[in-house]
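Peer 1: Have a look at this one before I ask anything.
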Amino acid sequence: MGTYHLATGASGVMIHTEQYWVNFTHAQETAAGSNLGVRRLFSNISKLVLKHQLSTDITEEYLLHSPEIVITDGVTFHSSKDSDKLKICAEAFNPDEEDEDTEPRVVHPKTDEQRCRLQESCKDILLFKNLDQEQLSQVLDAMFELRVKPQEHVIDQGDDGDNFYVVERGLYDIFVERDGQSRCVGRYDNHGSFGELALMYNTPRAATIVATTDGALWGLDRVTFRRIILKNNARKRKMFENFVESVPILKSLECSERMKIVDVLGEKIYKDGDRIIAQGDLADCFFIVESGEVKIMMKSKTKTTQESNQEVEITRCTRGQYFGELALVTNKPRAASAYAVGDVKCLVMDVQAFERLLGPCMDIMKRNITHYEEQLMALFGSSMDLRDPGK
Numbered sequence: 001m002g003t004y005h006l007a008t009g010a011s012g013v014m015i016h017t018e019q020y021w022v023n024f025t026h027a028q029e030t031a032a033g034s035n036l037g038v039r040r041l042f043s044n045i046s047k048l049v050l051k052h053q054l055s056t057d058i059t060e061e062y063l064l065h066s067p068e069i070v071i072t073d074g075v076t077f078h079s080s081k082d083s084d085k086l087k088i089c090a091e092a093f094n095p096d097e098e099d100e101d102t103e104p105r106v107v108h109p110k111t112d113e114q115r116c117r118l119q120e121s122c123k124d125i126l127l128f129k130n131l132d133q134e135q136l137s138q139v140l141d142a143m144f145e146l147r148v149k150p151q152e153h154v155i156d157q158g159d160d161g162d163n164f165y166v167v168e169r170g171l172y173d174i175f176v177e178r179d180g181q182s183r184c185v186g187r188y189d190n191h192g193s194f195g196e197l198a199l200m201y202n203t204p205r206a207a208t209i210v211a212t213t214d215g216a217l218w219g220l221d222r223v224t225f226r227r228i229i230l231k232n233n234a235r236k237r238k239m240f241e242n243f244v245e246s247v248p249i250l251k252s253l254e255c256s257e258r259m260k261i262v263d264v265l266g267e268k269i270y271k272d273g274d275r276i277i278a279q280g281d282l283a284d285c286f287f288i289v290e291s292g293e294v295k296i297m298m299k300s301k302t303k304t305t306q307e308s309n310q311e312v313e314i315t316r317c318t319r320g321q322y323f324g325e326l327a328l329v330t331n332k333p334r335a336a337s338a339y340a341v342g343d344v345k346c347l348v349m350d351v352q353a354f355e356r357l358l359g360p361c362m363d364i365m366k367r368n369i370t371h372y373e374e375q376l377m378a379l380f381g382s383s384m385d386l387r388d389p390g391k
């Protein structure tokens, strides 16, 4: 890994190498050059850092006060005495290195009541979204409860990072110090997480977090965080990249466009017989089958009684095929239901991301209108069947 320079401004964060600049502006990526490996690395960094729901303010506030941050190989950090630029040496992290996982598992025993509270606190944490059940269980096992009092400092700017924290309850103010002046730049209000930056890059804490009420937090040690969460997110992303490249409808997109799609993908797992979408429901997601098989079922429109209006299988989708796009394109309720056949994994994109990122794909559909009409004919009998489905 070489040396990369990060600079910030009103338009976003810029990462510079000797080959090219990458400018991340509201999750939009442009680059000159063809170093795909570096582009993917920093696309992953942007996802984990800049797009983290409740850490964005801390990250950007910290960076905006640092004209330049230099990330190099190594395990130490230092402040430059020659300039006002903060220089940080971050530990290189290469998810492709298949080193053996020999670290002992960390386990903090919990009561059933504690486990339930912990699961509820962690259910919306972005960095946990791509963990499978076993990995999530290991993370929850390793987390410990921390009770705090008003005015207690959870972390202090400049300290070494030892833990990642998830808020269960309480109010926590975020302070950033610059030129001897400390000011409050935000607050965590009974939910959220913080502390991942120092663990990701071996950098000092970027802010001070102070409890303003009695509260409860759940901590996760640095070793477990890096061993499970960082490696898993990086490997998942690489797997998603490879998979997205194989999806027929996405093949004609530019690489940068596919990388944006990877940034917003989630993963959902279904058991045999699970209903994934229901006919007549409002559409909120687009699905791509990652593994397994999905059957598409539709209620007959020629039947009027509840007893005779049974679902009929229209088609099946397998790896690389997609479903759920029709309602998003037509702005109508779901025209059919979808069920898992055996164990199924789907990549999921919400409606906002679909509208923002898949415009080029809809253009492809229009350019290949014959194929699209054949698909509609196979699914629904005719393109006129795109009216609101009956319940």
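Using the UniProt record's numbering, read the sequence shown as starting at 1 and increasing by one per residue. All residues carry an ideal CB built from backbone N, CA and C; glycine is no exception.
1) Provide the residue(s) that pair with residue 268 in DSSP beta bridges, ordered along the chain.
2) CA-CA distance, residue 257 and residue 212?
3) Is the separation between the beta-carbon of residue 354 and that of residue 322 shorter than 8 angstroms?
4) By DSSP, does residue 221 sit in helix, in strand, or in coil?
5) Taking the alpha carbon of residue 284 as the reference point, which residue from 127, 143, 253 and 334 has its own alpha carbon closest?
6) Tell me the residue span of the alpha helix (DSSP H) that contains residue 243.
7) Pairing CB atoms from the region 248–257 with CB atoms from the region 187–195, are three or more of them under 8 angstroms?
8) From residue 146 to residue 338, what distance separates their C-alpha atoms?
9) Measuring alpha carbon to alpha carbon, tell me which residue in 109, 324 and 204 is nearest residue 281.
10) Give the secondary structure of residue 178 by DSSP, where H, G and I count as helix, E and B as strand, and everything else as coil.
11) Once DSSP output is grouped into helix, strand and coil, what is the label at residue 260?
12) Under 8 angstroms: do the region 194–209 and the region 156–173 share three or more Cβ pairs, one atom per stretch?
13) Are residue 148 and residue 215 touching if we call contact CB-CB under 8 angstroms?
14) Just mark residue 392 as buried or exposed, buried being the case when its beta carbon has 16 or more other beta carbons within 10 Å.
15) Would DSSP call residue 329 helix, strand or coil?
16) Identify whether residue 141 lies in helix, strand or coil by the three-state DSSP scheme.
17) For the pair the region 120–136 and the region 231–239, tell me if three or more CB-CB distances fall below 8 angstroms.
18) What does the alpha-carbon distance come out to for the pair residue 330 and residue 254?
19) Give me the Cα-Cα distance between residue 165 and residue 220, rounded to the nearest whole angstrom.
20) Just confirm the distance between the C-beta atoms of residue 292 and residue 344, as a whole number of angstroms; I'd bet it's less than 8 angstroms.
21) With DSSP as the reference, label residue 215 as helix, strand or coil.
22) Compare the beta carbon distance of residue 346 and residue 289 with 8 angstroms and say whether it is the shorter of the two.
23) CA-CA distance, residue 313 and residue 267?
24) Which residue wins for smallest C-alpha separation from residue 123, given the options 111, 171 and 137?
25) Taking only the alpha-carbon atoms, compute the straight-line gap between residue 172 and residue 294 and give it to the nearest angstrom.
26) Going by the CB atoms, is the gap between residue 161 and residue 118 shorter than 8 angstroms?
27) Going by alpha carbons, who is nearest to residue 400 out of 327, 187, 245 and 341?
28) Which whole-angstrom value is the C-beta distance of residue 142 and residue 107, which I expect to be below 8 angstroms?
29) Here's a check: name, in chain order, each residue in its chain whose Cβ is nearer than 6 angstroms to the Cβ of residue 196, leaving out the five neighbours to either side.
30) Just the C-alpha distance for residue 116 and residue 110, rounded to the nearest angstrom, thanks.
31) Among 140, 349, 245 and 178, which residue has its Cα nearest to the Cα of residue 218?
32) Within this structure, are the beta carbons of residue 269 and residue 135 separated by less than 8 angstroms?
33) Kindly indicate which three-state DSSP category residue 173 falls into: helix, strand or coil?
34) Could you name the residues of the same chain whose beta carbon sits closer than 7 angstroms to that of residue 187, not counting the 5 residues immediately before and after it, in chain order?
35) Straight-line CA distance for residue 225 to residue 104?
36) Sort out for me which residues DSSP pairs residue 146 with in a bridge.
Peer 2: The structure says:
1) 346
2) 43 angstroms
3) no
4) strand
5) 334
6) 231–246
7) no
8) 43 angstroms
9) 324
10) strand
11) helix
12) yes
13) yes
14) Here the chain comprises residues numbered 1 to 391, so residue 392 is not present and cannot be evaluated.
15) helix
16) helix
17) yes
18) 25 angstroms
19) 6 angstroms
20) 3 angstroms
21) strand
22) yes
23) 25 angstroms
24) 137
25) 45 angstroms
26) no
27) Outside the shown range of the chain (1 to 391) lies residue 400, about which nothing can therefore be said.
28) 7 angstroms
29) 164
30) 10 angstroms
31) 140
32) no
33) strand
34) 171, 172, 173 and 174
35) 13 angstroms
36) 217
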